[in-house]
Amino acid sequence: MIEAKAVNFAYHRGEPVINDITCKIEDGEFVALLGHNGSGKTTLSRLFMALVHPRSGDIFVDGDNIEKLEPADLAHQVGYVFQNPDLQILEDTVFAEVAYGPRCKKLSETAIKEQVQAALQAMGLENLADAYPRTLSFGQKRRLGVAAALALNPRTLILDEITNGQDEQEKDDMMDYLQKLNKEKRITIILITHDMNIARQYAKRAIVLNDGNLVFDGTTQDLYNGVRDLKEWGLTQPIMAILSAAFIISAPTVEDFCEKLCLKEGGER
Amino acid sequence: MKITAFTQLITVLAVTTWVFLLPVPAVAIILVLELALLLYIKHDRLTMAAIGALTVFTGMMILLQLIFGSPLSVSLTGGLRMFVMTTAFLCLLAATKIQDIAQALVEKFHLPCEYAFMLTTALRFVPDFLTDSATTLDAQSCRGYSNRGNVFKRFYSYLAVVKPLVMRAVAKSDTLALSMELKGFGANTYQNMTPQRLCFADYLVLFLVMLLSLYPLWSKYI
Numbered sequence: 618m619i620e621a622k623a624v625n626f627a628y629h630r631g632e633p634v635i636n637d638i639t640c641k642i643e644d645g646e647f648v649a650l651l652g653h654n655g656s657g658k659t660t661l662s663r664l665f666m667a668l669v670h671p672r673s674g675d676i677f678v679d680g681d682n683i684e685k686l687e688p689a690d691l692a693h694q695v696g697y698v699f700q701n702p703d704l705q706i707l708e709d710t711v712f713a714e715v716a717y718g719p720r721c722k723k724l725s726e727t728a729i730k731e732q733v734q735a736a737l738q739a740m741g742l743e744n745l746a747d748a749y750p751r752t753l754s755f756g757q758k759r760r761l762g763v764a765a766a767l768a769l770n771p772r773t774l775i776l777d778e779i780t781n782g783q784d785e786q787e788k789d790d791m792m793d794y795l796q797k798l799n800k801e802k803r804i805t806i807i808l809i810t811h812d813m814n815i816a817r818q819y820a821k822r823a824i825v826l827n828d829g830n831l832v833f834d835g836t837t838q839d840l841y842n843g844v845r846d847l848k849e850w851g852l853t854q855p856i857m858a859i860l861s862a863a864f865i866i867s868a869p870t871v872e873d874f875c876e877k878l879c880l881k882e883g884g885e886r
Numbered sequence: 014m015k016i017t018a019f020t021q022l023i024t025v026l027a028v029t030t031w032v033f034l035l036p037v038p039a040v041a042i043i044l045v046l047e048l049a050l051l052l053y054i055k056h057d058r059l060t061m062a063a064i065g066a067l068t069v070f071t072g073m074m075i076l077l078q079l080i081f082g083s084p085l086s087v088s089l090t091g092g093l094r095m096f097v098m099t100t101a102f103l104c105l106l107a108a109t110k111i112q113d114i115a116q117a118l119v120e121k122f123h124l125p126c127e128y129a130f131m132l133t134t135a136l137r138f139v140p141d142f143l144t145d146s147a148t149t150l151d152a153q154s155c156r157g158y159s160n161r162g163n164v165f166k167r168f169y170s171y172l173a174v175v176k177p178l179v180m181r182a183v184a185k186s187d188t189l190a191l192s193m194e195l196k197g198f199g200a201n202t203y204q205n206m207t208p209q210r211l212c213f214a215d216y217l218v219l220f221l222v223m224l225l226s227l228y229p230l231w232s233k234y235i
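Quick note, the sequences are listed as chains X and V, same order. First residue of the first sequence? That's 618 in the working numbering, and the numbers climb one at a time after it. First residue of the second sequence? That's 14 in the working numbering, and the numbers climb one at a time after it.
Set out below in structure tokens:
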């Protein structure tokens, strides 16, 4: 559980980036953190991870104030996956790369092996355990980043633009793995994204930031109702949301929509 | 009054020489003039941070010299000289575009353009490198990296930050080399740029530099 209470933040005595934000993310939620570039999404997530500390207000992770903590202290509670996977690849094999975190925590070799294997399996990388990480495809590198974070058994994962630069298949694979983690292991997922379709399709809750202010906190269904004007927050309604609203059909994907539309029109697929 | 990169480079080289030839009070006056000039050219947060960092570094240098047995006056003079030389380069970088410096090096100092380009590219990489370094540090911290412990422990654990950075730098330079080659780098680099012509201000500054450079010799021998 992550909770922000009246959090304010600014970089280097500059303009405020986060203004008086209060929100609570419960265990097992799948939350999309949305907003235009520079709206404060990444800064808020960095505050959750203790990469930066609030100027005022408090952040609690699993009930504990993280004011005095460093990211390394939180790594077993919150996993953070950065945008660029190349900037953290360190080891010569996928296995060793994922084992870096547990080794930092000085776990026993048996525990390390178990946790790494579980993390690789969760992200579908078990067959690539001996591969050289830099030769992986971009999508696999992103999954490796998630596996590296998962190896510490965190209860929350924060993913910064995790689907950027991936093809449709890789995006789907990544999101399916994340959904599975959320549903089966009840890992809280906080997804920072510009992809409205992905947010609509996978997240149950949306938090929207606009110029450092929290302007929406509710269900994605409510946000993407097809008629709400999101332009003032720098967002757009996904095409599927607009179509669903126009045809009064609730469908998360194009396939679902077509199927329901055919049924509605009395046709056959 | 705008002076060319050539004149600025000559002035910086002259200042570097003066700090060793001139007496300490004169070097201190140069420092005051340099700082005033630097703050006139650029007085943003970054410049203040650079001056602050340089002050700290100079302090450390003085301290080290004292620890290793140098007299206080020698340590202070050494620190002052280093500070003046570095500030001269800060003024140069604040006042001139790196491309102009490279062009002056090729045109006036006849440095091969590949070397000039290497120099400017290295300088251009510094901010990128610093950003990458901060991101890598954050990324590794998020999966358990901590720089707590004694110096040796910290040094060893810092490899977790250095290694990805080196790999990234190699990959970046490879991409840059390839893209430069594809753009025809080396064929006529710096040949199609407007030549930097010296104007009255340049001649005036160069004359003053020459005068000041000759003064110590004149005062000593004539």
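Positions of the beta carbon are idealized from the N, C-alpha and C atoms, including for glycine.
Contact annotation, residue 689 of chain X with residue 158 of chain V: C-beta distance approximately 6 Å; criterion of less than 8 Å satisfied. Put simply, the CB of residue 159 of chain V is near chain X, with a gap under 8 Å to one of its CB atoms. For the set X:625, X:664 and X:679, the Cα lying nearest the Cα of residue 643 of chain X is the one of X:679. Assignment of residue 788 of chain X by DSSP, reduced to helix, strand and coil, places it in the helix class. Residue pairing by DSSP places residue 822 of chain X opposite X:648 and X:836 in a beta bridge. For residue 71 of chain V, same chain residues with a beta-carbon under 7 Å away, outside a window of 5 residues either side, are 92, 95 and 96 in chain order. Every unbroken stretch of the beta strand (DSSP E) spanning 3 or more residues and falling wholly within the stretch 626 to 688 of chain X is given here in chain order: 633 to 642, 647 to 651 and 673 to 678. Against chain V, the beta carbon of residue 697 of chain X has neighbours under 7 Å at 155, listed in chain order. When secondary structure is reduced to three states using DSSP, residue 863 of chain X falls in the helix class. Look at the stretch 708 to 730 of chain X: the residues with a C-beta under 7 Å from a C-beta of chain V are 717, 718, 721 and 722. Between the stretch 819 to 828 of chain X and the stretch 644 to 661 of chain X, the count of Cβ pairs shorter than 8 Å is three or higher; the stretches touch.
When C-beta distances to chain V are compared with 7 Å, the residues of the stretch 646 to 676 of chain X below that value are 666 and 668, in chain order. Per the DSSP secondary-structure output, residue 620 of chain X pairs in a beta bridge with X:641 and X:677.
In terms of CA proximity to residue 739 of chain X, X:799 leads the group X:687, X:799, X:725 and X:700. Note on residue 847 of chain X: 16 or more other CB atoms within 10 angstroms of its CB, so buried under the neighbour-count rule.
Residues of the stretch 175 to 193 of chain V with a Cβ closer than 9 Å to any Cβ of chain X, in chain order: 176, 177, 178, 180, 181 and 184. For residue 629 of chain X, the chain V residues whose Cβ falls inside 9 Å of its Cβ are 58, in order along the chain. Flagged as an interface residue toward chain V: residue 706 of chain X, by a C-beta distance shorter than 8 Å. In this structure, the beta-carbon distance from residue 862 of chain X to residue 840 of chain X does not fall below 8 Å. According to the DSSP assignment, residue 44 of chain V belongs to the alpha helix (DSSP H) that extends over 37 to 54. Considering only beta carbons, the part of the stretch 680 to 691 of chain X lying closer than 9 Å to chain V consists of 687, 688, 689, 690 and 691, in chain order. Within the same chain, Cβ atoms closer than 6 Å to the Cβ of residue 716 of chain X are found at 729 and 733, the five residues on either side in sequence being excluded.
For residue 109 of chain V, the secondary structure class from DSSP, reduced to helix, strand or coil, is coil. Interface annotation for the stretch 759 to 793 of chain X against chain V: 765, 766 and 769, criterion Cβ-Cβ distance under 7 Å. Judged by their CB atoms, residue 747 of chain X and residue 712 of chain X are nearer to each other than the 8 Å cut-off.
The stretch 787 to 803 of chain X and the stretch 760 to 778 of chain X touch, with three or more beta-carbon pairs separated by less than 8 Å. When Cβ pairs closer than 8 Å are counted between the two stretches, the stretch 136 to 147 of chain V is seen to touch the stretch 175 to 191 of chain V, the count reaching three or more.
In the three-state scheme derived from DSSP, where H, G and I count as helix and E and B as strand, residue 697 of chain X is classed as strand.
By the 16-neighbour rule on beta-carbons within 10 angstroms, residue 104 of chain V is buried.
Using a CB distance cut-off of 8 Å, residue 151 of chain V counts as an interface residue toward chain X. Looking at the backbone, the Cα of residue 735 of chain X and that of residue 842 of chain X are separated by about 38 Å.
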